[in-house]
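Okay, so here's the structure we're looking at.
2 protein chains.
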Amino acid sequence: MDELKARILAEGQNLGHGILKIDSILNHQMDPLLMKHMGEEFARRFADKHVQRILTAEVSGIGPALMTGLVMNVPVVYARKQKPLTMSGPVYLEVAPSHTKGGEVLLLVSAEFLHAGENVLVLDDFLASGQTIEKLVRMVYSAKANLVGIAAVIEKLFEGGRERMAKYGVPIEVLVSISEMTDDGRIIFAN
Amino acid sequence: MDELKARILAEGQNLGHGILKIDSILNHQMDPLLMKHMGEEFARRFADKHVQRILTAEVSGIGPALMTGLVMNVPVVYARKQKPLTMSGPVYLEVAPSHTKGGEVLLLVSAEFLHAGENVLVLDDFLASGQTIEKLVRMVYSAKANLVGIAAVIEKLFEGGRERMAKYGVPIEVLVSISEMTDDGRIIFAN
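Protein chains in written order, with my numbering: chain A, 1 to 191; chain B, 192 to 382.
Below, the structure written as structure tokens:
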């Protein structure tokens, strides 16, 4: 997705240790039109999968997932990282390591929003080590829903997430792949 | 906004103590098309305000703010509640009491995303006590930006937020107003 690549090159910062700062377009500020284009692209790539629901995680997955849901016209569920007072009833619960915050984060999804037999697309902002996405995938399995695909806005090829996800046997679609983030601050794309 | 009112009546739950659960359409699962309609309505109401940026808070403000930003074609900034590793440089920092989580939450906005002289619309999911929204307003003031309006999807009239916000002298627009949440579980709208 050339538009996104150009924005990452113009505005992204390689903070070292594989940390990519793209706060101006995704993780703190959002460009709604760019995000709509992301949604259109994801919808195109999963057009034959009969997606019935999208599962993402708060916070930064919400924007891309919402726009993809808009184009696909399906509901979007975001895993909560804390239990709000309004969350009553049974939940699917997973614990994931946090790459950008340090430590661990909870991922909670109310059982009422994942249905057995339904086609679910898991979508997040980054596919890095794949650990967060894998926890979302586990929730889909726990609910006996059908995982039909894995989507991420940005892949960091050097963190092994794609290998980790291969065993699930579903299409993995990313909008841009970063093959290297060099010590001297460059961001190198694979495609 | 009749569509939203109907959905709240059909799917919302009055959990007592003024807590409204609308996890199926806003706070955990999102209906993208309904949210798009919210965005169109907010854009209509603030059409003459020359909004240049929208400021909201994670998590539940993101969806409505993003859709409003899409219709208005302006960037959307969401205050973070934790400092991610990617947040470097100066920030505007406020501390707000949390209604649905208990305790206090931080609100952090990078100084690079609030500009002096710019017209900012503050938009959140709920206008209840108004304490979270007021913290966002204070950030707009701290940045010497122009507050041009306050928007919320749902107002709880009985929690005093509108009175708290009156001193800022800007239009306050909400899509639905709840006047009462009764002990026997009803949700009563003001309009």
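All C-beta atoms, glycine included, are put in the ideal place defined by N, C-alpha and C.
Contact set for B/Pro-362: own chain, Cβ-Cβ below 7 Å, skip 5 residues either direction: Start at 1 with the first residue of the second sequence, and residue 362 of chain B comes out as number 171. Counting only Cβ-Cβ distances below 7 Å, and skipping sequence neighbours, we find Gly-340.
**B/Met-330 (DSSP reduced to helix, strand or coil)** = Mapped onto the second sequence, residue 330 of chain B falls at position 139. It is helical.
Q) Which bits of chain A does B/Leu-261 rub up against, with CB to CB less than 9 Å? A) Looking up residue 261 of chain B in the second sequence gives position 70. The contacting residues are Pro-32, Leu-33, Met-35, Lys-36, Met-67, Leu-70.
Rounded to the nearest angstrom, what separates A/Ser-60 and B/Pro-288 at their Cα positions?
Sequence index remark: in the first sequence, residue 60 of chain A carries index 60 (1-based). Sequence index remark: in the second sequence, residue 288 of chain B carries index 97 (1-based). Between A/Ser-60 and B/Pro-288, the C-alpha separation is close to 23 Å.
- Can you list the residues of chain B that A/Phe-113 reaches, using a CB-CB cut of under 7 Å? Counting from 1 along the first sequence, the entry for residue 113 of chain A is found at position 113. Close partners of A/Phe-113 in chain B (Cβ separation under 7 Å): His-219, Gln-220.
### Query
Distance, Cα to Cα, A/Lys-167 vs B/Thr-323?
Taking the first sequence and counting its residues from 1, one reaches residue 167 of chain A at position 167. Taking the second sequence and counting its residues from 1, one reaches residue 323 of chain B at position 132. Cα to Cα, A/Lys-167 sits roughly 44 Å from B/Thr-323.
Using a Cβ-Cβ distance cut-off of 8 Å, determine whether B/Gly-254 contacts chain A. Position 63 of the second sequence, counted from the first residue, corresponds to residue 254 of chain B. Closer than 8 Å to some Cβ of chain A, the Cβ of B/Gly-254 qualifies, so yes.
Euclidean distance between Cα positions of B/Gln-204 and B/Asp-316 | The residue labelled residue 204 of chain B in the question sits at position 13 within the second sequence. The residue labelled residue 316 of chain B in the question sits at position 125 within the second sequence. Approximately 16 Å, taken between the alpha carbons.
Under a CB-based cut-off of 8 Å, is B/Ser-320 close to chain A? Walking along the second sequence from the start, residue 320 of chain B turns up at place 129. For B/Ser-320, the answer is no, since every Cβ of chain A falls outside 8 Å of its Cβ.
message: Is the beta carbon of B/Pro-255 closer than 8 Å to that of B/Met-229?
response: Here residue 229 of chain B refers to the residue found at position 38 when the second sequence is read from its first residue. Here residue 255 of chain B refers to the residue found at position 64 when the second sequence is read from its first residue. Against a cut-off of 8 Å, the Cβ pair of B/Pro-255 and B/Met-229 comes out as a contact.
Determine which residues of the stretch 144 to 159 of chain A have a Cβ less than 8 Å from any Cβ of chain B, and write them out in chain order.
Those would be none; no residue qualifies.
Closer than 8 Å at the beta carbon, the chain A residues around B/Val-250
Here residue 250 of chain B corresponds to residue number 59 of the second sequence, with the count starting at 1. The answer, in chain order, is Glu-58, Val-59, Ile-62, Tyr-78, Arg-80.
Rounded distance between the beta-carbons of A/Val-51 and A/Met-72, thought under 8 Å: As a position in the first sequence, residue 72 of chain A is number 72, starting the count at 1. As a position in the first sequence, residue 51 of chain A is number 51, starting the count at 1. Rounded, the Cβ-Cβ distance is 6 Å, consistent with contact.
Between the alpha carbons of B/Arg-355 and B/Gly-321, how many angstroms are there, rounded?
Here residue 355 of chain B refers to the residue found at position 164 when the second sequence is read from its first residue. Here residue 321 of chain B refers to the residue found at position 130 when the second sequence is read from its first residue. In a straight line, the C-alpha of B/Arg-355 is about 7 Å away from that of B/Gly-321.
query: In angstroms, rounded to a whole number, what distance separates the CA positions of B/His-306 and B/Lys-240?
result: As a working note, residue 306 of chain B is residue 115 in the second sequence. As a working note, residue 240 of chain B is residue 49 in the second sequence. Taking the straight line from one Cα to the other gives about 17 Å.
### Message
I want to know whether the stretch 294 to 302 of chain B touches the stretch 268 to 278 of chain B - three or more CB-CB distances under 8 Å.
### Response
Contact check between the stretch 294 to 302 of chain B and the stretch 268 to 278 of chain B: three or more CB pairs, one atom from each, fall below 8 Å, which counts as touching.
Q) Can you list the alpha helix (DSSP H) stretches of 4 or more residues lying completely in the stretch 101 to 187 of chain A, in chain order? A) You should have 131 to 142, 161 to 166.
Output yes if chain B places a C-beta closer than 8 Å to the C-beta of A/Lys-49; else output no. The residue given as residue 49 of chain A occupies position 49 in the first sequence. Any Cβ of chain B closer than 8 Å to the Cβ of A/Lys-49 would place that residue at the interface, and such an atom is absent.
- Message: Using only CA atoms, which one of A/Pro-32, A/Ile-154, A/Glu-159, A/Val-122 lies nearest to A/Ala-145?
- Response: The residue given as residue 145 of chain A occupies position 145 in the first sequence. The candidate whose alpha carbon is nearest that of A/Ala-145 is A/Val-122.
query = Under the three-state reduction of DSSP, which class applies to A/Phe-46: helix, strand or coil?
reply = In the first sequence, the residue the question calls residue 46 of chain A occupies position 46. Note: A/Phe-46 maps to coil in three-state DSSP.
| Since B/Met-330 contacts A/Asp-23 with CB under 8 Å, what's their CB separation in whole angstroms? | Position 139 of the second sequence, counted from the first residue, corresponds to residue 330 of chain B. Position 23 of the first sequence, counted from the first residue, corresponds to residue 23 of chain A. In this structure B/Met-330 is not in contact with A/Asp-23, their Cβ atoms being roughly 16 Å apart against a cut-off of 8 Å.
* Assumed close pair A/Phe-158, A/Ser-177 - CB separation to whole angstroms, cut-off 8 Å -> Walking along the first sequence from the start, residue 158 of chain A turns up at place 158. Walking along the first sequence from the start, residue 177 of chain A turns up at place 177. Incorrect: roughly 10 Å between the Cβ atoms, too far for contact.
Beta-bridge pairing of B/Pro-275 - partner residues as DSSP gives them:
Along the second sequence, read from residue 1 onward, the residue named residue 275 of chain B stands at position 84. Paired residue(s): none; B/Pro-275 is not in a bridge.
Requested in this report: Following the continuous alpha helix (DSSP H) through A/Ala-65, name the residue where it begins and the one where it ends.
Outcome: By 1-based counting over the first sequence, the position of residue 65 of chain A is 65. 62 to 72 is the span of the alpha helix (DSSP H), which, as asked, contains A/Ala-65.
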